[in-house]
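Input: a single structure, listed below in structure tokens.
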Amino acid sequence: MNRPKVNEEYINWVVELKKLISSSQIKASLSVNREMLVMYWEIGKSISEKVEVMKWGSGIVEVLSKDLKKLFPNQKGFSRTNLFYMKKWFEFYSVGEVEFEKVQQLVGQIPWGQNIVIMSKSKDTKEALFYLNKTLINNWSRTVLNHQIELELYERQGKAITNFEKTLVKPSSELAVETLKDPYKFDFLTLQEKALEKDIEEQLVTNITSFLLELGNGFSFVGRQVPLEVDGQDFYIDLLFYHIHLKCYVVVELKAVDFKAEFAGKMNLYLSAVDDLIKTEDENPTIGLLLCKSKSKIVAEYALRGTTQPIGIAEYELSRAIPDDLKAQLPTIETIEEELELVKKILQREDEDTKYRTN
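Numbering (full-length UniProt numbering), first residue to last: 1 to 359.
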């Protein structure tokens, strides 16, 4: 693209940007990431305003990129693509009802790469603020952040059916609600949809790091099949966790079937037993999480209405749903088994031929 017709205006603009960048370089010794992001924000704002007011068109970004690279040959970040990201970044947070100062404070505390991911993959500023907060609190890498967005954490967080408002005091009840999700996605497990509870449990423990990541920040694993003796009877908790922020134990029960009302009654017993046998006086009441293959929202709400212990009910997914049009193109289990058997026979034949030639 040729340089803008208003050459004097463009030159003055580049001089202003040069001062901004030089000033940021001096301050960067104090806080490299924050100062860089403040600079990116101001550059993005300037590009957005100039393109709008001067009617130069988006092609000006390529010209600006070349000039900034010449002025700052040893500094990265002035590629055409990155300048467009700066412009888009500023414009994304400049629309809608969002506290401008809050945004600037948040975006300045996480790396530029994570900022790009959040801006590019969030539907609106509300969702973006959610992932900005989560990234800051959990110190997510770009890979983990991408994974959480792909698993639609924003849509699932705080969506489990619970009775926490009636069974826990504030602010513990609010924090507990936000701690649980619905559904939980166990796509890291190598299991079929009809897997048994014990198989799911075994793989969750084997993949405990991935499981803790899906559960969320604050969970620590205590044990599996934890025994409880109540009046001479033995009971076993599927999975027991401790939540360091809620300061309480969390009992997780897996059900490879649809939710049934009696599950809540049994969980109620487990929670009472843990409170009496394991919990200390300075810890908060134990919370229960029932993970079922599916649930009726109405049945779940009715089942929790009369319970005295804090319980949450959510679904789990072993794998992401495959679109119907894609399913039709995939081979059946029988076909895969036949092909594997054929490969096995071919390998056996090759092995026999090799032995024959050797002899």
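Where is the CB? At the ideal position from N, CA and C, for every residue including glycine.
{"Check": "Quick check on the DSSP output: the beta strand (DSSP E) that includes histidine 243 runs from which residue to which?", "Outcome": "233 to 243"}
{"Check": "Using the three-state DSSP reduction, which class does valine 14 fall into: helix, strand or coil?", "Outcome": "helix"}
{"Check": "What residue range is occupied by the uninterrupted beta strand (DSSP E) comprising serine 294?", "Outcome": "287 to 294"}
{"Check": "When DSSP labels each residue in this structure, what does leucine 228 get in the three-state scheme?", "Outcome": "strand"}
{"Check": "Fully enclosed by the UniProt domain \"YhcG N-terminal\" (16 to 156), which alpha helix (DSSP H) runs are 4 residues long or longer?", "Outcome": "32 to 54, 60 to 71, 80 to 93, 100 to 107, 112 to 121, 125 to 138, 142 to 150 and 153 to 156"}
{"Check": "Decide yes or no for the touch test of the segment 162 to 173 against the segment 141 to 149: beta carbon pairs closer than 8 Å, at least 3 of them.", "Outcome": "no"}
{"Check": "According to DSSP, which residues form a beta bridge with tyrosine 316?", "Outcome": "Tyr184"}
{"Check": "Return the CA-CA distance between phenylalanine 219 and asparagine 7, expressed in angstroms with no decimal places.", "Outcome": "59 Å"}
{"Check": "List the whole-angstrom C-beta distance separating isoleucine 21 from phenylalanine 72, where the pair is believed to meet the contact cut-off of C-beta under 8 Å.", "Outcome": "6 Å"}
{"Check": "Pick from Ser173, Val14, Leu136 and Val222: whose alpha carbon is nearest that of tyrosine 105?", "Outcome": "This sequence places glutamine at residue 105; tyrosine is not what is there. Of Ser173, Val14, Leu136 and Val222, the residue nearest in Cα terms is Leu136."}
{"Check": "Could you check which residue in Lys102, Ile110, Ser48 and Ser58 has the C-alpha nearest to that of glutamate 35?", "Outcome": "Ile110"}
{"Check": "What's the C-alpha gap between leucine 17 and glutamine 157?", "Outcome": "41 Å"}
{"Check": "Rank Glu229, Glu197 and Ile298 by C-alpha distance to the C-alpha of leucine 239 and give the top, closest one.", "Outcome": "Glu197"}
{"Check": "Using a 10 Å radius around the Cβ and a threshold of 16 neighbouring Cβ atoms, would you call leucine 30 buried or exposed?", "Outcome": "Since pLDDT at leucine 30 reaches only 42, below the 50 mark, its modelled position is unreliable, and the value read off the structure follows with that caveat. Exposed, since its Cβ has fewer than 16 Cβ neighbours within 10 Å."}
{"Check": "In terms of residue numbering, what span does the alpha helix (DSSP H) encompassing aspartate 276 cover?", "Outcome": "261 to 277"}
{"Check": "Going by DSSP, what residue range makes up the alpha helix (DSSP H) through valine 250?", "Outcome": "Taken as a continuous stretch (DSSP letters only), valine 250 belongs to no alpha helix (DSSP H), being part of the beta strand (DSSP E) at 248 to 258."}
{"Check": "Taking leucine 168 as part of the alpha helix (DSSP H), name the residues at either end of that continuous run.", "Outcome": "Leucine 168 -> no alpha helix (DSSP H), and no H or E assigned at all."}
{"Check": "What would DSSP say about threonine 280, mapped onto helix, strand or coil?", "Outcome": "coil"}
{"Check": "Which residues in the same chain as residue 372 place their Cβ atom closer than 7 Å to its Cβ, once the five residues preceding and following it in sequence are excluded?", "Outcome": "There is simply no residue 372 to check, as the chain begins at 1 and stops at 359 in what is shown."}
{"Check": "Where does threonine 162 sit, in a helix, a strand or coil, going by DSSP?", "Outcome": "strand"}
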